[in-house]
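In the numbering used here, the protein residues as written are 1 to 86.
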Amino acid sequence: MYAILSLTKEGPDRSIVASCLWNNCAIPSILYGAKCNLLTKTSMDELERIQARVGKFILQLSALSTNVTSNIEAGLIPIKIKILDR
C-alpha cells in the first residue's frame, strides 16, 4: 500500500496511477499469494482495510469516510470475493 501511495507522486494523475497499480500489480500478487498460502480471516480483513484505504486515496475521500464507499464508487471488487472466485 505504501509503495503504491508513494509511486503515485511521480505520475501526472494520481488517482489513475494508483488505480492501475492496485489493479495490475497488487491484486494479482495477492491472489497468487492466496493460492500458495492459506489466508486467515484476520489477514483478509487487513487486505479489505488496505483496499479501502487505497480506494479512498483514488477517490480523494476523507480517511473518516466509510470503507464501503470506496468499493462502490471506485469500482473495486472486495478482496474476499476475488479470492473466493479464484
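Idealized CB from N, CA, C, for every residue including glycine.
Between Q51 and I79, the gap from beta carbon to beta carbon is short of 8 Å. Taking C-beta atoms under 8 Å as the contact rule, G55 and A74 qualify, at a distance of about 4 Å.
Using a Cβ distance threshold of 8 Å, I58 and S19 count as a contacting pair. Counting only unbroken stretches of 4 or more residues, the alpha helix (DSSP H) elements lying wholly within the stretch 16-63 are 27-36, 41-59, in sequence order.
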